[in-house]
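**Student:**
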Amino acid sequence: MLDAHARTLTRRGLMWVRRHHAVVPLIEGSIWLIALALGALVRYDFALSDIDVSGLAGAVVIAWVVSMSARALVGASFGRWRVGSFEDVVALGAIVLVTGVALTLAEVAAGTLLPVGAAAVAAPIAFVLLLGGLCVARLVVNPPRCRAAQDARRLIVFGAGSAGTMVTRSLLTQAGARYVPVAVLDDDAHKRGRRVGGLPVAGGREALAGVAARTSADTLLIAIPSAPAVVIRELSEAAVAAGLTTRVLPSVRELVDGSVGSSDIRALTEADLLGRRAIDTDISSIAGYLTGRRVLVTGAGGSIGSELCRQLHRYAPERLVMLDRDESALHAVQLSIEGRALLDSPDLVLADIRDKARLDAVFAEHRPEVVFHAAAHKHLTLLERNPGEAVKTNVWGTQNVLEAARDIGVQRFVNISTDKAARPTSMLGLTKRVAERLTSAMADETGHPFLSVRFGNVLGSRGSVVPTFRAQIEAGGPITVTAPEVTRYFMTVEEAVQLTIQAGAMGESGDAFILDMGEPVRIADLARRLVEASGRDVRIVFTGLRPGEKAHEHLADVDDVVVSSSHPLIMRTHVPPLHRSMVGDWLGDMASPDLSSERSTLADSSSTTRRPSRPSARFDVPARSRSCPARGGRPCPQARLPRRQAHVRRRGGLRAAGGALAPVRRGRRRRAGAPRPPGPLPPATAGLPGALLHGPQVPDDDRRPRPGRRTAPRRGAHGRRRFSVALDEPRRAPPVDQHPARRDDLRRAEAAPRGVPRALLPRAGPAARREAGVDGLRPGARPPGGRLGRAAAARRVLRRAPLVAARPRDHRPDGGPHRPSGGHRHGRLRHRAGVHGQRLMRIWLVNHYATLPDQASGTRHFSMARHLVRRGHEVTLFRSSVSHNDASSTSLRPWQLHHVEHVDGVEVVHLRTSRYSGNGARRALNMVTFCLALAWVGARRSPRPDVVLGSSAHLFAAAAASRIAALRRVPFVFEVRDLWPLSLVEVAGYHERHPLIRLMQRMEDRLYRTADRVVTVLGNSEPYVLEHGGRAGHVHVIPNGFDADLVPFRPQPVGLAPFTVMYTGSIGLANGMDSLLDVAKHVGEEWAGRRVRFVFVGPGAETDRLVRRCRAEGLANVEFRGPVAKQDMPDVLAEADVFMATMLERDLYRYGISLNKLFDYLAAARPVVFGVRATDNPVPCRAVLTAPPEDSLALAGLVRRLVELPSAELASLGDAGRRHVEAHHSYAVLAVALEEVLAAATGDSQAALRGTTVSAPGGAVPAAAPGGAGRTSG
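Using my numbering, you'd call the opening residue of the sequence shown number 44 and step up by one each time.
#1: From R212 to E350, what distance separates their C-alpha atoms?
#2: Go through its chain and collect everything with a Cβ distance to R480's Cβ below 7 angstroms, but skip five positions before and after it.
#3: So is T334 buried or exposed if we call it buried at 16+ other beta carbons inside 10 Å?
#4: Does DSSP classify F973 as helix, strand or coil?
#5: Quick one, which of R589, G1032 and L1187 has its alpha-carbon nearest V524's?
#6: Starting from I557 and walking both ways along the beta strand (DSSP E), at which residues does that stretch end?
#7: My output table needs one value for T211: the three-state DSSP class, helix, strand or coil.
#8: Flag this pair as yes or no: are the beta carbons of L612 and L558 separated by less than 8 angstroms?
#9: Can you give me the Cβ contacts of A893 inside the same chain, cut-off strictly under 7 angstroms, excluding the 5 residues immediately before and after it?
#10: Given A407, which residues of its chain have a CB within under 7 angstroms of its CB, disregarding the five upstream and five downstream residues?
#11: Strictly by DSSP, which residues pair up with T334?
#12: Nearest to A1207 by CA position, among E1265, V1126 and D554, is which residue?
#13: Please report how far the alpha carbon of Q217 lies from the alpha carbon of G241, in whole angstroms.
#14: Could you tell me whether the Cβ atoms of L1187 and A1113 are closer together than 8 angstroms?
#15: Return the CA-CA distance between R1006 and A978, expressed in angstroms with no decimal places.
#16: Evaluate S926 with the Cβ neighbour count: other Cβ atoms within 10 Å of its Cβ, from every protein chain shown; 16 or more gives buried, anything less gives exposed.
#17: Taking the straight line between their C-alpha atoms, what separation do you get for T586 and R235?
#18: How many Å lie between G1165 and G1141 at the Cα?
#19: Using a Cβ-Cβ cutoff of less than 6 angstroms, which residues in the same chain neighbour E944 once the five nearest sequence positions on both sides are dropped?
#20: Going by alpha carbons, who is nearest to G521 out of P224, S507 and D580?
#21: Flag T208 as yes if its beta-carbon sits less than 8 angstroms from any beta-carbon of chain D, otherwise no.
#22: Residues in its own chain within less than 7 angstroms of S1109 by CB, not counting five upstream and five downstream?
#23: What are the start and end residues of the alpha helix (DSSP H) that includes S994?
#24: Compute the Euclidean distance between the alpha carbons of M534 and V501, then round it to the nearest angstrom.
#25: Look up W1023 in the DSSP assignment and give the residues it is bridged to.
#26: Considering Cα atoms alone, identify which of F1182, F1137, S1197 and L1277 is closest to L1253.
#27: Closest to V624 by C-alpha separation, out of V438, H233 and G101, would be which residue?
#28: C352 and I380: beta carbons closer than 8 angstroms?
#29: CA-CA distance, V477 and I566?
#30: Can you tell me which of P563, I583 and G561 puts its alpha carbon nearest to the alpha carbon of R571?
#31: Alpha carbon to alpha carbon, how far is G286 from G207? Give it in angstroms, no decimals.
#32: If you follow the beta strand (DSSP E) that E950 is part of, which residue opens it and which one closes it?
#33: Tell me the residue span of the beta strand (DSSP E) that contains T258.
#34: For W1130, write down the residues that DSSP places opposite it in a beta bridge.
#35: Return yes when the Cβ of A161 is within less than 8 angstroms of the Cβ of R86, no when it is not.
#36: Go through its chain and collect everything with a Cβ distance to H1034's Cβ below 6 angstroms, but skip five positions before and after it.
Right, dumping it as structure tokens:
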């Protein structure tokens, strides 16, 4: 190692070389001279006399010229010693390679230079010399370590990635640095033992305490800018336990501006602990509606309003009018924007939104084009005591702003709302909900984008919880928290305003945009972390819930249909309008509402939540499956609506009706004397009718179709017909000849003229007959073209005719599928006439792990196939001969590659695969053998299918199914069960650059690109699919469900001892079993005078370990059972009083969850305790009680609450869950949605998803259109 004096001299020499550019060519030529001389010596066995000096000189000149030219071309100049990188090494290799090739060509052409072998040897030598010189120069210029400051703090760096490497090297080489790294830690096992800046990676977070004691460190630096909040919290807690102070790096966006140094290290903030990060916004779309426009902000002096003004100012609006009634607040906001506060700007307006005349004058003077309405009262407790003031400002003030904006023609209006407007129990929530609905009504009136933005608590805003806690800590305490279980959503004010501005750019009239709040935070935990960060000993006191306060906030109402938007952090829902006249009627007697805390808590309880009047989950339902009593059970006629009318149509909904699918009339007003839907209202609205919050409802007794009731469609805009569809339990359609209105069609078809094919049915319209070329034919005349021409004509009519009278195949007396007789062509043509007019198909379903009713686990594909067969289709299910869950196998003879059996009309093909257990090489061999068997059997099986669906049980099976579809030249539908590469990265811990992950990512992207349609069970995965190659309008969400035939209804056990809490399904690490055992431990063997037991049913590798844990901890209330066949599950499920499950805390679940077990639980008519983030809950039903994932204390609290409930209330919750899944998640209904997607993939013009609808609380909306994909929720 060079001493300081030698290093100084060398550095000066390098700087001199850098300043004198003429020296560089001499150095380059000298290196090639040495390299070529050594190459010649090696070539001639070190015989100097054999070397041709003139040839050597010529070779050096050629090498020098080519090398310098190549260096100029690639831009690899000298003097980059301090910042040299791997790119310079690559450029250096390219220069040497080009020079070596030039020398070889010169020798071959001239023959008078050095031998070719000498040039081949000289090139590597030159590369080593050049690279060695570069490394020595960099070592001299950038010494490995510099002397830190005397008072520098000893630092442990957590994170050996790129950011951790940069900050470690920067601190070690920075003279006088305030921090000196002494150790590096990382949880990635692959990085253990590596050296970062000369420091070895000493372990993961488990080694923190030992490393801190060994190195005498006093600070922990979390060098992972994108670390999730849960990781930061865990590390900060471990640091406190080890006596370390925690510091973090700034976000990636801040790091882009410059190199990482000691000045970038900062203390933890609440935003770090809560996981709030900088976000990306679409600058072009925002600038498009703000730049050069007149913008007005009400409430400009508040926390949100002032930040809005600061951020809006960056987009250079023509004028930014700031309106507030607080002159001091206006003074502060002008100072923060302009750097001065003289209050002399005409853009500062002192006014009150409750003064309508003043407000109209302000709008008339400034004539804004865009309005952000942030003025409101927001303190919950004060508004409970003064409800009239809340109404005056939040309701009538908002209405004044809306009317002023309407009168001058404002083009865009953004109302700032709150998450308390969802399921309101307080005056704040109630008035903000009314403001949202008033905004929606004004959107309908003006036709402009008038929208609302809903978000939760804002960190650091005036009067919010964090400044209050800090003030209490500074005062010595105590910190007051309402209740231990209270949770809230948090955002930073910058993030909330950024997303608000972004939402304003993409809003539609009447919509409410819900910002992604992340995970809810327990207020008690937040207070504890603030106390720990302060280093003081401050008590935390619980005061109890205040009047109108909820324990847990919700992002949406039970009736809201929440869908994704073009921004990943913004969701969208439609808000029903509420006109001003209705507000006056309902707010007349609001002087003293009952706001007792007991009723507030009761209204927030899941067990007493108001029963929704509309189903809240969604799925695809073909329009032609709707029957209409007025048309004799035939499908209702459909109307293609323009975009605006289709948007209005979404405000309808599905109504529970008795026994059939039938259209219902949506009344504009509640019928006089009709009873109101039952269920408690929020306490602040105890004296108000439900229409104030949820709009005019059709009462229960008005939903059922009755004789004489008008069922014809109402006329909407443009003369189009509008329908709302009533849905009860889907059932099998009767044979077509039993429909009274179709008997005449059948008789006419039987008596058709002799020459006309029967497929040319009398109900085909004139346009269809003209297209088929048979319009005007005399009785007995034959269409032109012979037999093939008649067949083609028949197909054309079938595509155009709305009703078909051919006999369906699916109603043979024995219940089996009807096989068409005659030749293949005629049989194929004849069997395509279905009971609802759809084209009947031969469908191949490929799922490696498909299960049958006599096996454990879910039966999604078999149940779907069974219902598709009942609808007349031919379905073949390809599965492995070895069961995935219980290792059972279908016996095949030694020479058989596959075995075929028929189960309930479904043709099941068992493909020979190898046995396996666990996840090792044998399972990989099982996958390979399945794909090979599928390729062999699928390529040769006859007749060929109409469509192939491949499920991503694993990607290799789906890829094999895609290949089969390509070979048979039929459409391919890709079903997404799991996001496999992402699952392995985020759950199994694989690195994203792992060869297997990269291979699977390419396979998944290719499947998305090549699939004719993509079906996904994950409700929020459409943006992921589109990002990875999926096509807009071709992605459809069809969730998992249950089969009513396999899970019959069983009544709730009444008062039986013990109280049984049950879990069924796989018992593995991914199922959070340790958290469930913790719940059993917290609840104990007895609660509320009842003995409680926990039963775990199912297979899994973790069973033995969990049994050992129960014995070690003495958990006598826990019982483990083995796997149970599907047909035996109803008896097992009937033993339970409550079911319990939890998800892991993984960001992966942001794309959706669709657990088979959850629907089986609800189908068993029992309530469910589910650990899941509120935004990820797939079944927003009151029978599902949710708590944060893996939070055993919160889950145990829910179990205790259910144990305390009377048997009647427990049974009521279970019945609500059963009704919900029967209406929205029955496989009989989901099979209809799948049928529609498959028909669209085959190009059936009758079924091109034109009639497919999404059943939603907000109404029936097209499931797929040229602009977007169909969606479901739940």
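Each residue gets a CB set at the ideal place from its N, CA and C atoms; glycine is no exception. Only a predicted model underlies this, so the values are computations on that prediction, with no experimental measurement involved.
**Tutor:** Straight from the coordinates:
#1: Locating residue 212 in the sequence shown gives position 169, counting from the first residue. Locating residue 350 in the sequence shown gives position 307, counting from the first residue. Their backbone Cα atoms lie some 37 angstroms apart in a straight line.
#2: On the sequence shown, position 437 is the one that residue 480 refers to. Excluding residues within five positions, the ones whose Cβ falls inside 7 angstroms are V618, P619, P620 and L621.
#3: As a first step, residue 334 is located in the sequence shown; it is residue number 291 there, counting from the start. Label assigned to T334: exposed.
#4: Within the sequence shown, numbered from 1, the residue matching residue 973 stands at position 930. Here DSSP, grouped into helix, strand and coil, assigns F973 to helix.
#5: Taking the sequence shown and counting its residues from 1, one reaches residue 524 at position 481. The residue among R589, G1032 and L1187 with its C-alpha nearest the C-alpha of V524 is R589.
#6: Translated into positions along the sequence shown, residue 557 becomes position 514. Per DSSP, the unbroken beta strand (DSSP E) holding I557 starts and ends at D554 to L558.
#7: Position 168 of the sequence shown holds residue 211. Three-state DSSP puts T211 in a helix.
#8: The residue labelled residue 612 in the question sits at position 569 within the sequence shown. The residue labelled residue 558 in the question sits at position 515 within the sequence shown. Yes, the pair counts as a contact, with Cβ atoms nearer than the cut-off.
#9: Working through the sequence shown from its first residue, we reach residue 893 at position 850. Cβ neighbours of A893 beyond the five flanking positions: H904, F905, L920 and R922.
#10: Counting from one through the sequence shown, the residue named residue 407 turns up at place 364. Counting only residues of its own chain and dropping the five nearest sequence neighbours on each side, A407 has a CB closer than 7 angstroms to the CB of I451.
#11: Looking up residue 334 in the sequence shown gives position 291. Beta-bridge pairing by DSSP links T334 to no other residue.
#12: If you number the sequence shown from 1, residue 1207 lands on position 1164. Comparing Cα positions, the closest option is E1265.
#13: Taking the first residue of the sequence shown as position 1, residue 217 is located at position 174. Taking the first residue of the sequence shown as position 1, residue 241 is located at position 198. For the pair Q217 and G241, the Cα-to-Cα distance works out to about 15 angstroms.
#14: As a working mapping, residue 1187 is identified with position 1144 in the sequence shown. As a working mapping, residue 1113 is identified with position 1070 in the sequence shown. Taking C-beta atoms as the reference points, L1187 and A1113 count as a pair closer than 8 angstroms.
#15: For this step, residue 1006 is matched to residue 963 along the sequence shown. For this step, residue 978 is matched to residue 935 along the sequence shown. Those two C-alpha atoms are separated by around 8 angstroms.
#16: Taking the sequence shown and counting its residues from 1, the one referred to as residue 926 is at position 883. S926 should be labelled buried.
#17: Taking the first residue of the sequence shown as position 1, residue 586 is located at position 543. Taking the first residue of the sequence shown as position 1, residue 235 is located at position 192. A direct Cα-to-Cα measurement between T586 and R235 gives close to 48 angstroms.
#18: In the sequence shown, counting from the first residue as 1, residue 1165 sits at position 1122. In the sequence shown, counting from the first residue as 1, residue 1141 sits at position 1098. Distance between G1165 and G1141, taken at the CA atoms: about 5 angstroms.
#19: The sequence position of residue 944 within the sequence shown is 901, counting from 1. So the qualifying residues of the chain are V951.
#20: Residue numbering aside, residue 521 sits at position 478 when the sequence shown is read from its first letter. Reading off the sequence, residue 521 comes out as Pro, not Gly. Of P224, S507 and D580, the residue nearest in Cα terms is D580.
#21: In the structure shown, chain D does not exist; there is a single protein chain.
#22: By one-based count along the sequence shown, residue 1109 stands at place 1066. The answer, listed in chain order, is G1141, P1142 and G1143.
#23: Indexing the sequence shown from 1 puts residue 994 at position 951. Per DSSP, S994 belongs to no alpha helix (DSSP H); it is in the beta strand (DSSP E), V990 to S994.
#24: Sequence index remark: in the sequence shown, residue 534 carries index 491 (1-based). Sequence index remark: in the sequence shown, residue 501 carries index 458 (1-based). Taking the straight line from one Cα to the other gives about 5 angstroms.
#25: Working through the sequence shown from its first residue, we reach residue 1023 at position 980. DSSP lists no partner for W1023.
#26: Numbered from its first residue, the sequence shown carries residue 1253 at position 1210. Comparing Cα-Cα distances from L1253 to each of F1182, F1137, S1197 and L1277, the minimum goes to F1182.
#27: Position 581 of the sequence shown, counting from 1, holds the residue named residue 624. According to the sequence provided, residue 624 is Ser. The question's Val does not apply to it. Taking only the C-alpha atoms, the option nearest S624 is V438.
#28: Position 309 of the sequence shown, counted from the first residue, corresponds to residue 352. Position 337 of the sequence shown, counted from the first residue, corresponds to residue 380. Going by C-beta atoms, C352 is nearer than 8 angstroms to I380.
#29: As a position in the sequence shown, residue 477 is number 434, starting the count at 1. As a position in the sequence shown, residue 566 is number 523, starting the count at 1. Cα-Cα distance, rounded: 28 angstroms.
#30: Position 528 of the sequence shown holds residue 571. Taking R571 as reference, the option from P563, I583 and G561 with the minimal CA-CA separation is I583.
#31: Locating residue 207 in the sequence shown gives position 164, counting from the first residue. Locating residue 286 in the sequence shown gives position 243, counting from the first residue. Distance between the alpha carbons of G207 and G286 is about 22 angstroms.
#32: Mapped onto the sequence shown, residue 950 falls at position 907. V949 to L954 is the span of the beta strand (DSSP E), which, as asked, contains E950.
#33: By 1-based counting over the sequence shown, the position of residue 258 is 215. T258 -> not in any beta strand (DSSP E); alpha helix (DSSP H) instead, spanning L251 to T258.
#34: Translated into the one-based positions of the sequence shown, residue 1130 becomes position 1087. As computed with DSSP, W1130 is found in a beta bridge with R1133.
#35: By one-based count along the sequence shown, residue 86 stands at place 43. By one-based count along the sequence shown, residue 161 stands at place 118. Yes, Cβ-Cβ distance for R86 and A161 is below 8 angstroms.
#36: The residue you call residue 1034 lines up with position 991 of the sequence shown. Leaving aside the five residues that flank H1034 on each side, none in its chain has a CB nearer than 6 angstroms to its CB.
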